Amino acid sequence: MKKVFILGFALLLFSCSQEDPAPLNSSESKDVSTIDSLIGYTSPYYEYDRSVSRLQTGSIKYVFKNKTNLTFVVRPYFGLAYFDFSDNNERFRGFVIATPGGGLYSPHLVANGKKFGNFIPSHYLSGITLINSSKSIISESNQVTVPTPSFSFGDTFFDFSQGNPDGVATTSGEENLVSRFGKLFFAEVEVYESGSLIHKTYLKADFPVVNSSAIYSNTGDWVTLYNDSFFNEKMVYNIKSKEICIPNTELSTYLSKETFEYGGKTYKLGIASTTSKVEVYLK
């Protein structure tokens with residue numbers, strides 16, 4: 253069952269300019285299933301079964317694509333995707349996640365006493381490295397939103413075994429939770445030429461550029477949460493899908509898309525999503 257969530261009814265007026273997000277227009281009312289070329293948010297993450305967090309389309313295709321001759325290195329970061337309407341930060345969906353020694357102990361995901369807005373990286377040491385090529389990782393199970401070695405073969409999975417910025421290994425509990433209830437929230441990306449770093453940035457998961465006063469107004473389909481641990485920006489969750497997002501606003505340091513100049517050329521970086529795909533790209 254496909255659902256496309258649109259930011260309407262006094263919410264998110266999409267701006268074609270990332271530098272000048274448009275204010276909300278209360279006259280714009282969009283049905284949740286509407287697809288609009290100017291207003292809206294499209295995502296493959298939709299929880300319609302709390303116990304297993306089934307996907308809308310039965311699969312998510314993660315694509316990492318470099319259409320240039322530069323070297324593109326990507327480190328995706330994942331966290332818990334769905335709000336559970338509970339203030340108990342030691343449990344998620346009834347699972348105990350903050351007790352050392354427990355099967356689902358998740359020290360990184362419950363950092364700072366919070367269970368949302370914390371992240372673990374895939375391919376932290378080596379990065380997904382591409383030169384004029386692409387790589388696809390497909391989650392085909394309705395119950396697995398993020399592929400892991402337990403559910404995939406060869407190199408067609410996200411590798412959480414390469415550690416974290418704090419030097420502490422990702423636990424099996426964290427990998428389990430992210431594989432069942434996880435989402436790609438952002439990516440650290442680096443661009444090299446002949447081994448020299450020419451650009452480094454962070455790309456948020458795809459989200460329209462919106463006015464902060466609108467998205468954080470707690471009206472319509474979006475409700476404000478606390479700040480995430482990386483960007484230190486307020487998160488929101490969708491009251492229908494329960495999906496947690498970090499919006500792009502005029503207050504954001506990093507966005508879902510950006511450009512940079514090098515060697516007389518303009519390059520584009522970004523994360524784009526549909527109801528069945530998440531793509532991280534350089535072109």
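Note that this note's numbering gives residue 361 to position 109 of the sequence shown, counting from 1, and the numbers run on in steps of one.
Every residue, glycine too, gets a C-beta built ideally from N, C-alpha and C.
What you are looking at is a predicted structure, and each value in this text was computed from that prediction instead of being measured.
Going by beta carbon distance, what residues of the same chain come within less than 6 Å of residue i, once the five residues before and after it are set aside?
i, result
"residue 312", "296, 391"
"residue 283", "Only weak support exists for where residue 283 lies, its pLDDT of 30 falling under 50; the value from the coordinates is given anyway. None."
"residue 328", "374, 436, 439"
Helix, strand or coil, according to DSSP, for residue i in the structure here?
i, result
"residue 365", "helix"
"residue 372", "strand"
"residue 413", "coil"
"residue 524", "strand"
"residue 388", "strand"
"residue 450", "strand"
"residue 347", "strand"
"residue 498", "coil"
"residue 467", "helix"
"residue 328", "strand"
"residue 458", "coil"
"residue 507", "coil"
"residue 321", "coil"
"residue 341", "coil"
Can you list, in chain order, the residues of its chain whose CB lies under 8 Å from that of residue i, leaving out five sequence neighbours each side?
i, result
"residue 416", "360, 372, 373, 376, 422"
"residue 491", "473, 474, 475"
"residue 429", "332, 344, 347, 349, 356, 358, 361"
"residue 525", "294, 295, 296, 457, 458, 531"
Less than 7 Å between C-beta atoms, sequence neighbours within five positions excluded: which residues of the same chain meet that for residue i?
i, result
"residue 414", "375, 376, 377, 378"
How close, in whole Å, do the beta carbons of residue i and residue j come, if the pair is a contact with beta carbons under 8 Å?
i, j, result
"residue 315", "residue 531", "4 Å"
"residue 521", "residue 529", "Wrong, their Cβ atoms sit about 17 Å apart, outside the cutoff."
"residue 479", "residue 365", "Rounded, the Cβ-Cβ distance is 13 Å, inconsistent with contact."
### Query
Should the stretch 316-333 be regarded as contacting the stretch 440-455, the criterion being three or more beta carbon pairs within less than 8 Å?
yes
### Query
In chain order, which continuous runs of the beta strand (DSSP E) of length 3 or greater are located wholly inside the stretch 417-442?
none
### Task
Kindly confirm or deny that the stretch 482-495 and the stretch 504-520 touch, where touching means at least three C-beta pairs closer than 8 Å.
With the cut-off at 8 Å, the stretch 482-495 and the stretch 504-520 touch.
### Task
Could you say if the stretch 332-342 and the stretch 445-457 meet the contact criterion of at least three C-beta pairs nearer than 8 Å?
no
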